[in-house]
């Protein structure tokens, strides 16, 4: 069974997130999604997510795309890779923060998981930062 793992914040779960997860799901038979912890998001993006880690986890679970949806680790973000031992690591088109460290972690731990960068889905419309700005301005999201 080919195991796939995907990471993300998934704040304001939208069609772009769904596309990312569906693409990841197509890469194997079992998809595990790791939801970024609130403090990790704050450190990377300079602000806390609008939805809590538990709310974001529930949103991804409701999509029904992944077999497993878990919160990320405190501390070493890659410890989950040792736990779940994926064959494929699916990264979004805009996920660059950990890529170099991820490759080093795989080499250092003798893991041969393939890293696959997935295609965007209408990034000019379905990017969380755009959706967040629209919600703050009281605008409806275009589809």
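In this note's numbering, the protein residues as written are 18 to 160.
We put the CB at the ideal spot given by N, CA and C, even for glycine.
task: Look up residue 20 in the DSSP assignment and say whether it is helix, strand or coil.
output: If you number the chain shown from 1, residue 20 lands on position 3. In the structure shown, residue 20 sits in a strand (DSSP, three-state: E or B).
message: Do residue 116 and residue 7 count as a contact pair if the criterion is CB distance below 8 Å?
response: For the chain, the structure presents residues 18 to 160; residue 7 sits outside this window and is missing.
message: Just list the residues that DSSP pairs residue 133 with in beta bridges.
response: On the chain shown, residue 133 is found 116 positions in, with the first residue counted as 1. Residue 133 pairs with 107.
Pick from 44, 127, 131, 137 that is closest to residue 83, judged by C-alpha positions: If you number the chain shown from 1, residue 83 lands on position 66. Minimum Cα distance to residue 83 is reached at 44.
query: Mapping DSSP to helix, strand and coil, what is residue 47?
result: The residue given as residue 47 occupies position 30 in the chain shown. Looking at residue 47 - three-state DSSP - the assignment turns out to be strand.
- prompt: For the alpha helix (DSSP H) that contains residue 73, what are its first and last residues?
  reply: Your numbering for residue 73 matches position 56 in the chain shown. It spans 70 to 80 - the alpha helix (DSSP H) in which residue 73 sits, taken as one unbroken run.
- prompt: Quick one: is residue 71 buried, meaning 16 or more other Cβ sit within 10 Å of its Cβ, or exposed?
  reply: Numbered from 1 along the chain shown, position 54 holds the residue referred to as residue 71. It is exposed - the Cβ of residue 71 has fewer than 16 other Cβ atoms within 10 Å.
task: Please list, in chain order, all residues of the same chain as residue 49 whose beta carbon is under 6 Å from its beta carbon, the five residues on each side excluded.
output: In the chain shown, counting from the first residue as 1, residue 49 sits at position 32. The residues are 22, 85, 101.
- prompt: Between which two residues does the beta strand (DSSP E) containing residue 85 stretch?
  reply: On the chain shown, residue 85 is found 68 positions in, with the first residue counted as 1. It spans 85 to 88 - the beta strand (DSSP E) in which residue 85 sits, taken as one unbroken run.
- request: Taking 8 Å as the cut-off, decide whether the C-beta atoms of residue 129 and residue 19 are in contact.
  value: Start at 1 with the first residue of the chain shown, and residue 129 comes out as number 112. Start at 1 with the first residue of the chain shown, and residue 19 comes out as number 2. Against a cut-off of 8 Å, the Cβ pair of residue 19 and residue 129 comes out as no contact.
Straight-line Cα distance separating residue 90 from residue 97: Your numbering for residue 97 matches position 80 in the chain shown. Your numbering for residue 90 matches position 73 in the chain shown. Residue 97 and residue 90: Cα-Cα distance of roughly 7 Å.
query: Per DSSP, what kind of secondary structure is residue 33 in: helix, strand or coil?
result: As a first step, residue 33 is located in the chain shown; it is residue number 16 there, counting from the start. Helix, per DSSP.
message: Are the CB atoms of residue 139 and residue 33 within a distance shorter than 8 Å?
response: Reading the chain shown from its first residue, position 16 is the one you call residue 33. Reading the chain shown from its first residue, position 122 is the one you call residue 139. Yes, the Cβ-Cβ distance between residue 33 and residue 139 is below 8 Å.
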